[in-house]
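**Q**
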Amino acid sequence: MARVLSRFLFVVTFCWMMPSAQAASLTIAAAADLKFALAEVVENFRVQHPADKVEVIYGSSGKFFTQLVNGAPFDLYFSADIAYPQKLASQGLTAGAAHPYAIGRIVLWGIGSEWAHLGLQDLPRSKVAKFAIANPQHAPYGLRAQQALQHAGVWEAMQPRLVLGENVAQSAQFVDSGAADAGVVALSLVLSPAMQGKGNWTLIPADWHEPLEQGYVILARARDNPLARGFAGYMASEPARAVMRRYGFVLPDKGDK
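Just so you know, we're using this note's numbering here: the sequence shown kicks off at 801 and counts up by one.
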């Protein structure tokens, strides 16, 4: 009897230690403006998929594009500019077409009280010594910041004061930490719980820059990954859309998926 019980306990313990055959994993490359919004969406998704592993890496959309062209091991790519996933699809590196998921907005943000009434056109005459934007060379939010500054007629005047972040989240961190006096950052970041109540921000008119149409795509390596398709579908669900709206994103119609 003792021998039978011992074998039974061994089998139970062994089975408990083995990973579930149903468990799946998903690795997502996501634009830095999604740092808080997508994290909340993923947290809600995990409640429905407790056995599965979902990992998100945040960074510059342009740098992710270069990495993906060179074979970086991601399953889903959420870009701040839909042009990047569209290019990947045209090169046969995806499991289908790119889909829009949001339109982003940019804001002028500073910690001091003066930012409640200052606009981009006031920057050259202000006391700003360092002004943060994401690098326009590879960050869509940085390029739109440049376009907005050009529209306001202050791009050239602000050149000596610019501090470039690797991505828009780093630019926001520069302002938050005092490394920069102010900057142009994503609305989704200043609306996050981590940033709310810090400083003052002004929404930059949408017609001052090209639209920030953001898009995602399932990468070729995830062609047969049901979790990738499941998460893509979840992004179109009302709970996920409600989170995105709360972070200031303008959402496409569900028919645009």
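We treat Cβ as the ideally placed atom computed from N, Cα and C, and that holds for glycine.
Bear in mind the structure is a predicted one, so any value in this text is a computation, not a measurement.
When you compare the CB positions of L1027 and T894, do they come within less than 8 angstroms of one another, or not?
**A** No, these two residues do not count as a Cβ contact at 8 angstroms.
**Q** Per DSSP, what kind of secondary structure is S988 in: helix, strand or coil?
**A** Three-state result, S988: helix.
**Q** Jot down the residue ranges of each uninterrupted alpha helix (DSSP H) in the region 874–925, minimum 4 residues, whole runs only, in chain order.
**A** Segments of the alpha helix (DSSP H) lying fully in the region 874–925: 883–890.
**Q** When DSSP labels each residue in this structure, what does G942 get in the three-state scheme?
**A** DSSP places G942 in helix when its eight states are reduced to three.
**Q** Could I get the ranges of all uninterrupted beta strand (DSSP E) runs contained in the region 949–1010, with 3 residues as the minimum, in chain order?
**A** Whole beta strand (DSSP E) segments, 3+ residues: 962–965, 982–986 and 1000–1003.
**Q** Could you check if S820 is buried or exposed, using at least 16 other CB atoms within 10 Å of its CB as the buried criterion?
**A** Legend: pLDDT at S820 = 45, less than 50; position of this residue unreliable, value from coordinates given subsequently. By the neighbour-count rule (16 or more Cβ atoms within 10 Å), S820 is not buried but exposed.
**Q** How would you write the range of the beta strand (DSSP E) that L1012 sits in, first residue to last?
**A** Where L1012 is concerned, the enclosing beta strand (DSSP E) stretches over L1012 to I1018.
**Q** Taking just the CA atoms, how far does A830 sit from A969?
**A** Using only the alpha carbons, I get a separation of about 12 angstroms.
**Q** Note down the Cα distance separating V907 from V985, rounded to an integer number of angstroms.
**A** If I take the Cα positions, the gap works out to 6 angstroms.
**Q** Which residue comes first and which comes last in the alpha helix (DSSP H) that contains S861?
**A** Counting along the chain, the alpha helix (DSSP H) containing S861 begins and ends at S861 to V869.
**Q** Let me make sure I understand the geometry here. Which of Y858, V963 and S825 has the alpha-carbon closest to that of F845?
**A** When each option's Cα is compared against that of F845, the closest is S825.
**Q** Mapping DSSP to helix, strand and coil, what is Y1034?
**A** The answer is helix: DSSP assigns Y1034 an H, G or I state.
**Q** Under 7 angstroms Cβ to Cβ from G1048, same chain only, skipping five residues before and after it: list those, please.
**A** Taken in chain order, the residues that qualify are R905, L987, S988 and L991.
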